[in-house]
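S.K.: Pasting in a structure now, in structure tokens, and then I'll have a few things to ask.
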Amino acid sequence: MADRVCIVTGGNSGIGFELCRGMAAAGYHVVMVSRGIKRGQKALNKLQMEFGNNVEMMLCDMSDLRNITKLYSEFINKFDRLDVLLNNAGALWGKKLRTTQGQEMTFGVNHLGYFVMTQTFLPILKTTENSRIINTASEAHKMSRLNLEDLNFENRRYSQWLTYSNSKLCNILFTRELARRLEGTNVITHCFHPGVVRTRFAEDASGPMRLFWPLVRIFMIGSKRGAKTGLHLALSNEAGKSSGQYWINKKRRRGNRAARNDDNATKLWIRTEEILDGHQI
Ligand SMILES: NC(=O)c1ccc[n+]([C@@H]2O[C@H](COP(=O)([O-])OP(=O)(O)OC[C@H]3O[C@@H](n4cnc5c(N)ncnc54)[C@H](OP(=O)(O)O)[C@@H]3O)[C@@H](O)[C@H]2O)c1
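Here is the structure:
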């Protein structure tokens with residue numbers, strides 16, 4: 192059995208790949224969660240060249256939340272502890288798509304994915320001393336206009352950027368409420384903005400964004416730098432002293448007013464539970 196174990200979702204690409212590298216370099220056994228086998232295997236080969244069998248792959252496409260239950264069964268068969276869960280898998284979709292459970296894809300993967308991963312793995316996180324849940328959020332939350340009554344964009348015209356920004360605000364509100372609910376336990380949680388990072392992010396964008404994003408890639412930071420704050424939150428003593436915070440460049444930030452709204456954080460949690468209840472997973 193491994194001494195310390197972590198899970199990184201979206202671990203095969205971009206920021207997630209560097210989170211896997213950083214965690215493996217810090218001595219963790221890393222479960223790199225990948226959506227698909229092809230890209231996953233390529234990333235796994237690279238990581239295993241550096242870290243051998245201390246990195247392994249498990250598959251989970253979060254657009255069908257039932258896959259998270261399967262992932263949990265696979266994990267629990269091998270491990271009796273989980274020290275760090277890094278919820279990182281996410282994307283922006285140029286057109287309105289739906290998950291298997293019928294949710295709008297951005298909300299479904301970027302928010303419900305984090306939520307269900309966390310709820311599913313919470314029992315083992317709780318039985319592991321000093322465990323952490325770290326969520327990749329974004330400064331994009333500052334462009335959000337979250338409507339708790341229309342999280343799935345049923346009553347508004349689909350906007351890829353607005354839907355994405357909303358999902359990233361959800362990540363911050365989720366972290367805040369999760370910290371409150373975890374008070375008095377051994378589990379802490381934080382979220383972070385990685386910077387504007389040169390990854391495969393926005394490759395499924397449409398319209399002007401599809402043209403614009405590749406043009407500004409040259410000004411973006413590399414994935415290794417993008418993973419630094421996430422690794423700081425997963426590993427440092429400093430981050431272990433608080434919970435529920437939003438960080439950029441290894442420093443606590445306030446986020447915008449919507450991101451500091453505890454009432455909305457609680458309401459989002461309750462709405463999320465209602466949505467999930469209506470769709471058995
Ligand atoms: N890049 C930025 O500037 C930036 C800024 C702020 C926040 N972020 C956040 O950083 C996180 C990582 O993104 P990235 O920039 O590293 O982009 P990326 O290179 O595209 O990586 C995204 C990862 O998420 C996975 N993913 C997408 N949809 C999934 C699904 N349905 N199920 C499971 N996994 C799925 C991707 O899998 P595949 O390889 O199969 O596509 C990939 O592994 C995201 O949460 C994003 O919102 C990025």
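Read left to right, the sequence shown gives residues 192 to 472 (our numbering). Don't be surprised by glycine CBs; every beta carbon is placed ideally from N, CA and C. Nothing here was measured: the structure is a model prediction, and the numbers come from that model.
Compute the Euclidean distance between the alpha carbons of R347 and F270, then round it to the nearest angstrom.
M.R.: Residue mapping note: residue 347 aligns to position 156 of the sequence shown, counting from 1. Residue mapping note: residue 270 aligns to position 79 of the sequence shown, counting from 1. The alpha-carbon atoms of R347 and F270 are separated by roughly 44 Å.
S.K.: Where do the N-terminal and C-terminal ends of the alpha helix (DSSP H) with T311 fall, by residue?
M.R.: On the sequence shown, position 120 is the one that residue 311 refers to. Where T311 is concerned, the enclosing alpha helix (DSSP H) stretches over G304 to K317.
S.K.: Please report how far the alpha carbon of G285 lies from the alpha carbon of Y263, in whole angstroms.
M.R.: Reading the sequence shown from its first residue, position 94 is the one you call residue 285. Reading the sequence shown from its first residue, position 72 is the one you call residue 263. Answer to the nearest angstrom: the Cα atoms are 30 Å apart.
S.K.: From the DSSP output, which residues share a beta bridge with S225?
M.R.: For the purposes of this step, residue 225 is identified with residue 34 of the sequence shown, where counting begins at 1. Answer by DSSP bridge pairing, in chain order: L250.
S.K.: Please state the DSSP three-state secondary structure of Q436.
M.R.: The count along the sequence shown starts at 1 and reaches residue 436 at position 245. It is a strand residue.
S.K.: According to the neighbour-count rule (16 or more other Cβ atoms, all chains shown, within 10 Å of its Cβ), is I412 buried or exposed?
M.R.: As a working mapping, residue 412 is identified with position 221 in the sequence shown. Answer is exposed; the Cβ neighbour count stays below 16.
S.K.: With DSSP as the reference, please indicate the residues paired to C382 in a beta bridge.
M.R.: Within the sequence shown, numbered from 1, the residue matching residue 382 stands at position 191. Answer is N326 and Y437.
S.K.: If we count the other Cβ atoms within 10 Å of its Cβ and call it buried at 16 or more, is V221 buried or exposed?
M.R.: Position 30 of the sequence shown, counted from the first residue, corresponds to residue 221. When all chains shown are included, V221 counts as buried.
S.K.: What's the call for Q232, buried or exposed, on a 16-neighbour Cβ count within 10 Å?
M.R.: In the sequence shown, the residue the question calls residue 232 occupies position 41. Classification for Q232: exposed.
S.K.: If you follow the beta strand (DSSP E) that I198 is in, where does it begin and where does it stop?
M.R.: Numbered from 1 along the sequence shown, position 7 holds the residue referred to as residue 198. Its beta strand (DSSP E) spans residues V196 to T200.
S.K.: Under 6 Å Cβ to Cβ from A193, same chain only, skipping five residues before and after it: list those, please.
M.R.: Within the sequence shown, residue 193 is the residue found at index 2, counting from 1. Hits under 6 Å: H220.
S.K.: For a quick check, are the C-beta atoms of A154 and S225 less than 8 Å apart?
M.R.: Given a span of 192 to 472 for the chain in the structure shown, any question on residue 154 remains unanswerable.
S.K.: Taking only beta-carbon atoms, is K458 less than 8 Å away from chain B?
M.R.: Structure shown: chain B not included; a single protein chain is present.
S.K.: Just checking, does the stretch 195-210 make contact with the stretch 412-426 on the three C-beta pairs under 8 Å criterion?
M.R.: yes
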